[in-house]
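K.L.:
In my numbering, the protein residues as written are 3 to 267.
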Amino acid sequence: MICPDRFLATLPRSDERDAEGRRNIAVLLQYDGTEFLGFQRQAQIPTVQQTLEEGLERLLKHPVRITAAGRTDTGVHAAAQVINFRTTARIPEERICPALNSVVPKSIVAYAAAQVAPRFSARFSARSRVYYYVLATRDYPSVFTRRFTHHYPRPLDVAAMNRAATYLRGNRDFRSFCVEAGAQANTMRTVFLVRCRRKRGLLITVVHANAFLRGMVRAVMGTLIDVGRGKLAPEDIERILAARSRAAASAAAPPQGLCLARVNY
3 MICPDRFLAT LPRSDERDAE GRRNIAVLLQ YDGTEFLGFQ RQAQIPTVQQ TLEEGLERLL
63 KHPVRITAAG RTDTGVHAAA QVINFRTTAR IPEERICPAL NSVVPKSIVA YAAAQVAPRF
123 SARFSARSRV YYYVLATRDY PSVFTRRFTH HYPRPLDVAA MNRAATYLRG NRDFRSFCVE
183 AGAQANTMRT VFLVRCRRKR GLLITVVHAN AFLRGMVRAV MGTLIDVGRG KLAPEDIERI
243 LAARSRAAAS AAAPPQGLCL ARVNY
């Protein structure tokens, strides 16, 4: 979990209100994505956005629309999701997290909040995001971690996976690693780091980029797994990127191993 004080120190905190007299509030939160059909609001199905907006509307007594740093997919978790919303309510910022936690399911926890400059957007003000993907590599799955890991007990060549990861770094076209990108969509992204490491029966992959396309991390992870088990060579990443086709990359890794770990401002 991100230290709340460190997070708050990165924000453009301000007492200024917008032209309509509303405060802009940023909130740091975590959630277990297992029971949610993604972050983004959809008609008549449980999503993180819908749950948060309904909770905030109960507290603030007016309609609320939130903006999020990352719109996680079905079953994906967050340790440090950031949202912002605007309100005319007088609730002190130090009361926002306790009050919000009292009206949302226990699978969502808000743990830092602050009033920020009117121009701040959780999504568009973010400089970069970090995701973790966690594989449980022991022989048997754990009932205590299975909601947050993908159990994969077969041997993997981590050195080969890390060699493959070097081809993903830099400003590249990731069309082969995303879903539902229109012909005119900008699929260029800058990846700063992809690294796989073993730790206590887990294989943790860190992916740090300026932004992500829909399904990008899971597609990258599925492809790295295929490298690790010898189905693909590390050098095949160049061919996959050049193809600019989702069919060129491997199947997406399951969602439960993926977590939004940090947003940098």
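Glycine included, every Cβ here is placed at the ideal spot set by N, Cα and C.
I need the DSSP call for Arg67, collapsed to helix, strand or coil.
P.N.:
Here the question's residue 67 lines up with position 65 in the sequence shown. In this structure, Arg67 counts as coil in the three-state DSSP scheme.
K.L.:
Out of Ala11, Asp7, Asn266, Val136, state which residue places its alpha-carbon closest to the alpha-carbon of Ala213.
P.N.:
The sequence position of residue 213 within the sequence shown is 211, counting from 1. Out of Ala11, Asp7, Asn266, Val136, Asn266 has the C-alpha closest to the C-alpha of Ala213.
K.L.:
Just verifying my parser: in three-state terms, what is the DSSP assignment at Cys261?
P.N.:
In the sequence shown, counting from the first residue as 1, residue 261 sits at position 259. Three-state result, Cys261: strand.
K.L.:
What are the start and end residues of the alpha helix (DSSP H) that includes Gly77?
P.N.:
Position 75 of the sequence shown, counted from the start, is the residue given in the question as residue 77. That residue, Gly77, is in no alpha helix (DSSP H); it is neither H nor E in DSSP.
K.L.:
Looking at Val181 and Leu195, is the spacing between their C-beta atoms short of 8 Å?
P.N.:
As a first step, residue 195 must be located in the sequence shown, where it is residue number 193. As a first step, residue 181 must be located in the sequence shown, where it is residue number 179. Taking 8 Å as the Cβ cut-off, Leu195 and Val181 do not qualify as a contacting pair.
K.L.:
Sorted by chain position, which residues of the same chain lie with C-beta nearer than 7 Å to Ser127's C-beta, five sequence neighbours on each side aside?
P.N.:
On the sequence shown, position 125 is the one that residue 127 refers to. If we look at Ser127 and ignore the five residues flanking it on each side, its Cβ neighbours are Tyr267.
K.L.:
Do Thr76 and Arg24 have their C-beta atoms closer together than 8 Å?
P.N.:
For the purposes of this step, residue 76 is identified with residue 74 of the sequence shown, where counting begins at 1. For the purposes of this step, residue 24 is identified with residue 22 of the sequence shown, where counting begins at 1. Not a contact, by the Cβ cut-off of 8 Å.
K.L.:
Quick one: measure Cβ to Cβ for Tyr169 and Glu55, integer angstroms, because I've assumed they're closer than 8 Å.
P.N.:
Within the sequence shown, residue 169 is the residue found at index 167, counting from 1. Within the sequence shown, residue 55 is the residue found at index 53, counting from 1. Contact doesn't hold; Cβ gap of about 40 Å is too wide.
K.L.:
Which residues bound the alpha helix (DSSP H) around Leu205?
P.N.:
Along the sequence shown, read from residue 1 onward, the residue named residue 205 stands at position 203. Segment 204–211 is the beta strand (DSSP E) holding Leu205; no alpha helix (DSSP H) there.
K.L.:
On the DSSP bridge list, what partners appear for Gly1?
P.N.:
Residue 1 is absent from the structure shown; the chain starts at 3 and stops at 267.
K.L.:
Take the Cβ of Asp7 as the centre, count every other Cβ of all protein chains shown within 10 Å, and call the residue buried at 16 or more, exposed below.
P.N.:
Sequence index remark: in the sequence shown, residue 7 carries index 5 (1-based). By the 10 Å Cβ count, Asp7 comes out exposed.
K.L.:
Where does Phe146 sit, in a helix, a strand or coil, going by DSSP?
P.N.:
Looking up residue 146 in the sequence shown gives position 144. Coil.
K.L.:
When you compare the CB positions of Ala45 and Ala116, do they come within less than 8 Å of one another, or not?
P.N.:
Along the sequence shown, read from residue 1 onward, the residue named residue 45 stands at position 43. Along the sequence shown, read from residue 1 onward, the residue named residue 116 stands at position 114. No, they are not a contact pair.
K.L.:
State buried or exposed for Met190, treating a residue as buried only when at least 16 other CB atoms are found within 10 Å of its CB.
P.N.:
For this step, residue 190 is matched to residue 188 along the sequence shown. Looking at its Cβ environment, which holds fewer than 16 other Cβ atoms inside 10 Å, Met190 is exposed.
K.L.:
Using the three-state DSSP reduction, which class does Leu39 fall into: helix, strand or coil?
P.N.:
What you label residue 39 is simply residue 37 of the sequence shown in a count that begins at 1. The answer is coil: DSSP assigns Leu39 none of H, G, I, E or B.
K.L.:
Kindly indicate the opening and closing residues of the alpha helix (DSSP H) around Arg8.
P.N.:
In the sequence shown, the residue the question calls residue 8 occupies position 6. From DSSP, the alpha helix (DSSP H) with Arg8 extends over 6–11.
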